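Let me begin by presenting the structure, written as structure tokens, before commenting on it.
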Amino acid sequence: MSPKKSTKNIKESVPAAVEAIKDNDILLRIKNLRVWFELRRFGFGVAGHVRAVDGVEFDLGHSEAIAVVGESGCGKSSLMKTILGLYEPTEGEVVFEGANVSQMGAKGLRWYRANVGYVQQDPFGALAPFMSVQRILEEPLIVNGVRDPAEREQRIRKVLEEVKMFPVEDFLGKFPHMLSGGQQQRVVIARAMIMEPKLIVADEPVSMLDASVRVEILKLLRNLQEKHHLAVIYITHDLATVRYFSERIFVMYAGKLVEKASVKELLYNPKHPYTLALLTGTSEPDAANAKTFKEIPPGEPPSLVTPPPGCRFHPRCSHKIDGVCDVKEPPDFPVADHHQVACWLFEPK
Amino acid sequence: MATTEKTLLRCNDLYLHFQTGKGAVRAVDGVDFELGYNEAVVVLGESGCGKTTLAKAILRLLPRNVSKYSGKVALDGTDIMALGDEEFRRDVRWAMMSLVPQAAMNSLNPVLKVGDQVAEPLVVHHGVKKEEALQQARKMFQHVGVPDAFLSRYAFELSGGMRQRVAIAMALVTAPSLIILDEPTSALDVLTQANIFNVLKRIKQNLETSYILITHDIATSSELADKVAVMYAGQIVEMCDSARFFSNPLHPYSKKLMASVPRLRGDTELEFITGQPPSLYDLPPSCRFAPRCPYRFEKCEQDPPMISKEGRQVKCWLHT
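Chains as they are written, first to last, in my numbering: chain A, 16 to 364; chain B, 210 to 529.
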């Protein structure tokens, strides 16, 4: 789809999304993506690179929900920002419906951004405090050239109903500080949805919310995803919420995806030692927990400036194979259908 | 101050209200609870239910706009509410109980070395010389698993997990019998979180400390809990040992909370609680949870008393 068709495309995106279920085409393809940030010395010269994303590859189908799980500093936010077109990839490509995002140009990017919604982590920080809910939701419409005020208002009302903010009139004139955390997050979701995008990138959308509100927002996102056949990239550090939301999970560690699997496979049949550690670290409400200690790999994630050679997890790994794991980087080994692990333990013999 | 009593901390009828332009905020509204030696109680609840204010009331860390602060708090057999502010500061706060504040990682002083900060309470409260205090701080660093070399570092040189451990070391250094942990791991990653809980459990075993853990994260709270107290709109609505609470909570609010916890495996459907907690300015005379409660009936128009049932306490008419 060429960027020139942009306005037409925006208007037709609902029927287009419905059609998308039939053809199993890939919506977003990440090819060997590297995002490195330069560390500068005083004035000039490069002192090294922060390898925030280092060789990430995956495909995302139409109306598919995936989760990227990892600790802070593993590069998941850099990955997300590159997908949103906010960072330039150092190497590799982000391809959306066949078009390379970094070669789209200003006009193409505008079309792209209308097709990609972004749900921020901290809803209060993401909403301008001096704008009313109506103004917040109107902004993307104005930017994307919806000229008719009546149409704008009608779309704002529709999207507020979608995120279940009833009655709509009560909320239109309110400012973010007058809303509860859950309502703020709904406005953020409404803003992401208002251009009727095909892809939503949600960066820890529920981590700042209370337990009961968290479930409400997760369910809302899931319903919207199913209703509008949205593709969703859900970025989180909390493995426990993933099952309720996505079909596939990618586990990220130090800039790389170390395990890719369907949700069931990953939760019941985890392979990578790091995934195992994450699963062990996640608590379930059980009184027996207080009596046992958890086995957690020692140390902390490595520096992304000088990552360890070989597998990046090997300094913390209890299954390390000397002479292999600390020398060569493991490629993705398939262990089952749709289940790949970047770990030498699973090298086919 | 040694006594033969089995309870370390006993709060009776504790109230802490704030005066604001809109009226009094009843943040802690008649709280009773007990905590034994070497025991950990978890205070669970949504944000705005008064959990942090409860910690502040116990530690007497009060803002200026307090309109009502009353009740009885006995720590180790001493009525600490009867003490003057200066006595309280000198003999109780940090000497007998200390606090790991919310977002402890940001509460370290950026211009002091972390070793000096950890040693400081000893110098202030025990009149120990700085060198000895630093020696003690070094020991505490070992307890929480921070390398000795970090004593002379600044807070910004430490990762989030390390800073959190330093904050715990600072709470530990005067060997208090009670530590209040206010959301100690809410900003941390899964593995760091699990690590911090390992540290807290080890300290509980080795140093026989008691904890009050304030959190909204039910899943991780089970890592430490001996007892659970559920707080709603300024009051404790259920108090129970952890074994029975996590398998079978009694209060409808606790049930709903447990049903909202995402589980790693299994097929349980997640539930959420509709509606919002009542405003603390204007509390209904009925049961405070009644407007959101799926089990409510006529009796819920009156405020239920705390009902004891098989050693557990629940503030709900369903269990009379």
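The C-beta atom is built at its ideal place from N, Cα and C for all residues, glycine as well.
None of these values were measured; they are calculated from a predicted model.
- Burial of A/Gly132 is indicated by the presence of at least 16 other C-beta atoms within 10 angstroms of its C-beta.
- Looking at B/Glu510, B/Asp491 and B/Cys525, the one whose alpha-carbon comes closest to that of B/Gly232 is B/Asp491.
- With fewer than 16 other Cβ atoms inside 10 Å of its own Cβ, B/Asn315 counts as exposed.
- Proximity to A/Ser318 across A/Glu106, A/Thr251 and A/Ala269 peaks at A/Ala269, based on C-alpha coordinates.
- In the three-state reduction of the DSSP assignment, A/Met146 falls in the coil class, being assigned neither a helical nor a strand state.
- Annotation: the continuous beta strand (DSSP E) that includes A/Ala82 extends over Ala80 to Val84.
- For chain A, the residues of the region 448-470 of chain B that bring a beta carbon within less than 9 Å of one of its beta carbons are Asp450, Ser451, Ala452, Arg453, Phe454, Phe455, Ser456, Lys465, Leu466, Met467, Ala468, Ser469 and Val470, in chain order.
- Nearest in C-alpha terms to B/Lys215, of all of B/Asn247, B/Val323 and B/Val301, is B/Asn247.
- As DSSP reads the structure, A/His64 sits in a beta bridge with A/Glu53.
- Per the C-alpha coordinates, the member of A/Val71, A/Asn130 and A/Pro349 positioned closest to A/Thr105 is A/Val71.
- Residues of the same chain with a CB within less than 6 Å of the CB of A/Arg44, apart from the 5 flanking positions on each side, are Asp74 and Val110 in chain order.
- With its beta carbon at least 8 Å from every one in chain A, B/Leu409 lies outside the interface.
- Runs of alpha helix (DSSP H) with 4 or more residues, each lying fully within the region 426-460 of chain B, are found at 427-430 and 451-456, listed in chain order.
- For B/Asn404, the chain A residues whose Cβ falls inside 7 Å of its Cβ are Ile311, in order along the chain.
- Secondary structure note for B/Thr261: its alpha helix (DSSP H) is the uninterrupted segment Lys260 to Leu268.
- Non-local beta-carbon contacts of A/Pro349 in its own chain, meaning distances under 7 Å to residues more than five positions away in sequence, involve Gln355 in chain order.
- With a 10 Å radius around the Cβ and a threshold of 16 neighbouring Cβ atoms, B/Tyr504 comes out exposed.
- For B/Gln485, the neighbours in chain A by C-beta distance under 9 Å run, in chain order, Ser195 and Gly197.
- Three or more pairs of CB atoms, one per stretch, sit closer than 8 Å, so the region 230-241 of chain A contacts the region 253-273 of chain A.
- Here the alpha carbon of A/Ala62 sits roughly 50 Å from the alpha carbon of A/Arg170.
- Residue nearest to B/Glu255 within the set B/Tyr462, B/Met515 and B/Pro493 is B/Tyr462 (criterion: CA-CA distance).
- Listed along chain A, the residues sitting closer than 8 Å to B/Thr429 by beta-carbon distance are Ser298.
- B/Val282 sits in a strand when the DSSP states are folded into three classes.
- Taking all protein chains in view, the Cβ of B/Leu270 is surrounded by fewer than 16 other Cβ atoms within 10 Å, so the residue is classified as exposed.
- B/Ser368 places its beta carbon less than 8 Å from that of A/Glu315.
- In this structure, the alpha-carbon of B/Met290 lies about 6 Å from that of B/Lys281.
- Assigned with DSSP and collapsed to three states, A/Ile336 falls in coil, not helix or strand.
- Beta-carbon to beta-carbon, B/Leu422 and B/Leu433 are separated by about 5 Å, close enough to satisfy the 8 Å threshold.
- Note on B/Gln351: under 16 other CB atoms within 10 angstroms of its CB, so exposed under the neighbour-count rule.
- Pairing A/Ala143 with A/Ile264 gives a Cβ-Cβ distance that is not under 8 Å.
- Using a Cβ-Cβ cut-off of 8 Å, A/Asn284 does not count as an interface residue toward chain B, since no Cβ of chain B sits closer than that to its own.
- Under the three-state reduction of DSSP output, A/Tyr259 falls in the coil class, being neither helix nor strand.
- Two segments are said to touch when three or more pairs of C-beta atoms, one from each, lie closer than 8 Å; by this definition the region 138-158 of chain A touches the region 185-196 of chain A.
- Remark: C-beta atoms of A/Met95 and A/Ile250 approach each other more closely than 8 Å.
- For the region 301-313 of chain B, the beta-carbon criterion of a distance under 8 Å to any beta-carbon of chain A is satisfied by none of its residues.
- Residue pairing of B/Leu253 in beta bridges, as defined by DSSP: B/Thr424 and B/Val439.
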